[in-house]
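Chains as they are written, first to last, in numbering that gives the first Met the number 0: chain A, 0 to 224; chain B, 0 to 224.
The structure appears below as structure tokens.
Number of protein chains: 2
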Amino acid sequence: MTPNIHIGFLLFPNVTQLDLTGPAQILSRVPGAKTHLVWKRCEAVETDVRFSINPTVSFADCPQLDVLCVPGGFGVGDMVLDEEVLAFLRGQAEGARYVASVCNGALLLGAAGLLKGYRSACHWMWRDYLHRFGAIPVAERVVRDRNRISGGGVTAGIDFGLTLAAELAGEEMAKVLQLAFEYDPQPPFDCGTPDKAGSELVARLRAIQGERLAQAEQKIFAVPV
Amino acid sequence: MTPNIHIGFLLFPNVTQLDLTGPAQILSRVPGAKTHLVWKRCEAVETDVRFSINPTVSFADCPQLDVLCVPGGFGVGDMVLDEEVLAFLRGQAEGARYVASVCNGALLLGAAGLLKGYRSACHWMWRDYLHRFGAIPVAERVVRDRNRISGGGVTAGIDFGLTLAAELAGEEMAKVLQLAFEYDPQPPFDCGTPDKAGSELVARLRAIQGERLAQAEQKIFAVPV
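Rendered as structure tokens:
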């Protein structure tokens with residue numbers, strides 16, 4: 000029997016749930032993997048999608064993780080100032096084989112001081128804030144720098160998950176998983192990056208999300224570095 | 000203010016959570032959308048990934064849905080024989096604007112008698128069972144037939160979600176959402192369908208999932224048609 004690989008995702012209020020549920024779907028099928036959803040307490044956590052997910056373990060009871068993965072979301076704005084969360088991440092990162100993020104979860108790793116001098120992916124709208132934490136933002140879908148692995152925005156978590164599955168279980172197993180999840184994407188449009196989408200769609204999205212982004216930005220700039 | 004569009008996903012034990020969380024992520028951002036996760040009772044439901052999700056509403060309290068969407072998973076094997084579930088689906092389907100599925104959730108719509116004479120997508124491994132319910136299996140990623148819209152296996156739920164978002168809110172809004180979720184996929188391998196993966200990977204996956212598939216098959220064949 001393959002020994003357990005403990006793969007833990009930080010769960011937090013207002014997480015973009017697909018940041019977490021995408022890679023969790025893939026990584027949970029890695030042979031020997033045990034998937035954990037970790038939060039301060041074992042109480043339901045509201046996601047950004049009007050439903051809540053239940054943690055599987057509390058910070059206090061979480062085993063040393065082999066893979067620590069931090070998803071993103073607008074909730075990151077609150078988390079970057081939460082000492083209990085930052086301390087948990089720092090403690091786990093010390094012993095983890097991989098320290099990972101999806102989307103703007105990278106900013107939370109940054110706020111915990113875990114990305115100084117590391118290249119990292121991040122959601123395009125949040126990428127530049129990485130500078131504040133001494134990280135090097137990279138406009139790629141999956142970025143690896145030493146034991147840091149990061150995915151870009153939201154759906155990049157699936158590409159990230161398969162890339163990490165190949166690291167953990169070999170390329171053939173990752174391919175089996177890609178087939179199992181029928182990952183042969185056919186996006187209906189070709190507008191998944193700001194360059195491809197063009198300035199008009201970017202402006203429209205910024206108009207929708209601008210206020211929440213500004214609120215989060217204030218908190219990101221309030222983090223002592 | 001746009002009137003509410005009630006979008007409901009069936010939640011059930013051993014659902015492949017990404018079948019549901021992928022399109023829910025996208026569709027919840029459609030202007031005016033209210034997303035529901037519906038199950039018999041408002042109790043935590045175990046997904047296939049070692050974590051549970053909480054329903055937002057019970058069958059009894061669920062409003063008439065504009066979009067009824069059934070995700071898949073190995074749990075479908077039990078659901079196709081569950082009269083309470085089938086009755087709920089039939090009742091909702093009557094008044095819904097769209098009756099939808101992702102992955103082998105199509106088989107559950109089929110078992111409820113809702114796909115007779117309809118073309119439908121389905122996870123490739125489960126597609127042929129659609130014949131049993133009088134549906135016409137189609138090897139495409141997203142299939143539309145009158146008011147039935149279906150996605151193929153698991154990750155096809157994202158393509159499905161964006162396609163449906165365009166139906167509900169127009170193409171420009173769907174594009175804004177594709178940009179918001181940075182959906183510019185870069186699969187690490189090119190093996191997301193049986194044709195692309197080749198017979199060896201298909202055999203390896205069948206060896207892993209064969210027993211659970213056989214168990215589900217027995218139940219699918221036990222559905223009276």
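The beta carbon of each residue, even a glycine, is placed where N, CA and C say it ideally should be.
Asked	Found
Quick test of the definition: if touching needs 3 or more C-beta pairs under 8 Å, does the segment 213-223 of chain A touch the segment 68-84 of chain B?	no
Give every residue of the same chain whose Cβ lies closer than 6 Å to the Cβ of D144 (chain B), excluding the five residues on either side of it in the sequence, and list them in chain order.	Y117 and R118
Quick one: Cα of R140 (chain B) to Cα of V201 (chain A), how far?	27 Å
By a C-beta neighbour count over all protein chains shown, 10 Å radius and 16 as the cutoff for buried, is F220 (chain A) buried or exposed?	exposed
Using a Cβ-Cβ distance under 9 Å, would V175 (chain B) count as near chain C?	Given the protein chain composition of this structure (A and B), no chain C is represented.
Closest to A173 (chain A) by CA distance: which of B:A196, B:G152, B:L163 and B:I148 is it?	B:A196
Report yes if the CB atom of I6 (chain B) is closer than 9 Å to the CB atom of C102 (chain B), and no otherwise.	no
Between the Cα of M124 (chain B) and those of B:V137, B:L19, B:V66 and B:G112, spot the shortest distance and give me the residue it belongs to.	B:V137
Quick one: give me the first and last residue of the beta strand (DSSP E) that A32 (chain B) is part of.	A32 to W38
Ignoring anything shorter than 4 residues, give me the alpha helix (DSSP H) runs that lie fully in the segment 97-151 of chain A, in order along the chain.	104-110
For T20 (chain A), which three-state DSSP category applies?	helix
Counting only Cβ pairs nearer than 7 Å, list the residues of chain B close to Q16 (chain A).	T20 and Q24
By the three-class DSSP mapping on this structure, what secondary structure does S57 (chain B) have?	strand
Can you have a look at S51 (chain A) and say buried or exposed, based on whether 16 or more other CB atoms are within 10 angstroms of its CB?	buried
Name the residue from B:F11, B:P223, B:P186 and B:L26 whose alpha carbon lies nearest to the alpha carbon of S57 (chain B).	B:F11
Provide the residue span of the alpha helix (DSSP H) that contains V224 (chain A), from first to last.	Note, V224 (chain A): premise wrong, no alpha helix (DSSP H); not H, not E.
Would you grab the beta carbon distance between T55 (chain A) and R49 (chain B) for me? Rounded to a whole angstrom, and I think it's under 8 Å.	6 Å
State buried or exposed for A59 (chain A), treating a residue as buried only when at least 16 other CB atoms are found within 10 Å of its CB.	exposed
Name the chain A residues whose beta carbon is nearer than 8 Å to that of L200 (chain B)?	E171, K174, V175 and L178
Spatial neighbours of V224 (chain B) within its chain, please: CB distance less than 7 Å, with the 5 preceding and 5 following residues excluded, ordered by chain position.	R131 and F132
List the residues of chain A that Q214 (chain B) touches, going by C-beta distances under 7 Å, in chain order.	In chain order: nothing, as chain A lies at least about 17 Å away.
For E45 (chain A), does the three-state DSSP call read helix, strand or coil?	strand
Going by the beta-carbon positions, is the gap between F229 (chain B) and P22 (chain B) smaller than 9 Å?	Residue 229 (chain B) lies beyond the stretch modelled for chain B, which goes from 0 to 224, so this question has no answer here.
Rounded to whole angstroms, what's the CA-CA distance from A206 (chain A) to G112 (chain B)? Just pull it up for me.	44 Å
Between A:L176, A:F159 and A:V175, which has its C-alpha nearest V98 (chain A)'s C-alpha?	A:F159
Mind checking the segment 138-170 of chain A against chain B and listing, in chain order, the residues whose C-beta falls within less than 7 Å of any C-beta there?	R140, G151, G152, V153, T154, A155, I157, D158, L161, T162 and A165
Step through the CB atoms of chain A and report whether any lies within less than 9 Å of the CB of H5 (chain B).	no
Take the Cβ of R40 (chain B) as the centre, count every other Cβ of all protein chains shown within 10 Å, and call the residue buried at 16 or more, exposed below.	exposed
Are the beta-carbon atoms belonging to A43 (chain B) and A43 (chain A) less than 9 Å from one another?	yes
Run down chain B in chain order and give the residues with a C-beta less than 7 Å from the C-beta of H122 (chain A).	E181
Cα-Cα, which of B:R96, B:D47 and B:Q91 is closest to V266 (chain B)?	This structure cannot speak to residue 266 (chain B), because chain B is shown only from 0 to 224.
Does the Cβ-Cβ distance between D65 (chain B) and I4 (chain B) come in under 9 Å?	yes
At a Cβ cut of 7 Å, what residues of the segment 23-56 of chain A count as close to chain B, listed as they run along the chain?	A23, Q24, S27, T34, L36, A43, V48, R49, F50, S51, I52, N53 and T55
When burial is assigned at 16 or more other CB atoms within 10 Å of the CB, is E93 (chain B) buried or exposed?	exposed
Using 8 Å for Cβ pairs, my map puts N13 (chain B) next to F73 (chain B). What's the rounded Cβ distance?	5 Å
Given a threshold of 16 other Cβ atoms within 10 Å of its Cβ, counted over all protein chains shown, does E170 (chain B) qualify as buried or as exposed?	exposed
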